[in-house]
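Step one of this worksheet: look at the structure below.
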Amino acid sequence: MNIVLSTRNVSKAEQIKTIFSGSLINIDTLDEAGIKGEAVEDGETLKENAFKKAIFALAFAEKGSWVMAEDTGIFIDALDGAPGIISARWAGEGKSTLEIMEYCLSKMKGIKNRKAYFETVVALVSPQGKEYFFIGKVYGILLDTPRTAPQPSMPYSSIFIPNGQDKTWAEMSLEEENKISHRGKAFRQALVFLQKF
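When the sequence shown is numbered by the working numbering, its final residue is 215 and no position is left out of the sequence of numbers.
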């Protein structure tokens, strides 16, 4: 089975391909599938944005391909759930991974309640246009200073520690992270579902 993963984010693609390794499912990113352009992410929820990205890929994917996309956000208790769906654009359009992380730290300066959670919604669309959704969440806390540099294109990875862990995402191996992460949970559900076909 071939699936087009609607992303150009190399770090995300690596995580997802690792989850699917060992299965009979081949995953190609937009670049690998030769798809140009970008989906417009103007939805009001993670689910809407994930679906928009999947439908964008479906329009250009090779006939008979499944498509898959995800949207992820971090939701911070003390900031009434911000940044949520705008996590990647919270500090402004075009900001670097480091700038987004620093913006988050500045917003959280002096705040004692450091609770937050990550949520990933995976949209999976069949060649016939049938939609399926999978959700993964992980709760944890935000540090007040980063322990390491963040992972590329993952600005919160060096300041978030999942509950029950003593490492940030950035300090974990890919295998460790995939076992417990929001993205790992959602994509493992998608994998189990796809293995029925």
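C-beta: ideal position from N, C-alpha, C; glycine also. Computed from a predicted model, the values in this text were never measured in an experiment.
Own chain, CB closer than 7 Å to Asn-67, minus 5 neighbours either side, in chain order: Glu-59, Gly-61, Asp-89 and Ile-103
Counterpart residues of Trp-84 in DSSP-defined beta bridges: Bridge partners of Trp-84: Ile-21.
At the level of alpha carbons, what is the spacing between Gly-182 and Pro-164? 18 Å
Quick check on Tyr-174: does DSSP put it in helix, strand or coil? coil
Only counting the same chain, and skipping five residues up and downstream in sequence, which positions put a Cβ closer than 6 Å to that of Leu-161? Taken in chain order, the residues that qualify are Ile-177.
What distance in whole Å lies between the Cβ atoms of Asn-131 and Ala-96, which are believed to be in contact at a cut-off of 8 Å? 4 Å
When DSSP builds the beta bridges, which residues end up paired with Ala-134? Answer is Ile-94 and Gly-158, bridged to Ala-134.
Spatial neighbours of Ile-45 within its chain, please: CB distance less than 7 Å, with the 5 preceding and 5 following residues excluded, ordered by chain position. Ile-21, Leu-23, Ile-34, Lys-35 and Phe-38
First through last residue of the alpha helix (DSSP H) which encompasses Asn-44: DSSP places Asn-44 in no alpha helix (DSSP H) but in the uninterrupted beta strand (DSSP E) bounded by 44-47.
Span separating the alpha-carbon of Phe-78 from that of Ile-129: 46 Å
Cut-off 8 Å between Cβ atoms - residues of its own chain near Met-119, not counting five sequence neighbours on either side: Pro-164, Pro-168, Pro-173, Tyr-174, Ser-176 and Ile-177
Can the beta-carbon of Leu-192 be found closer than 9 Å to that of Met-19? no
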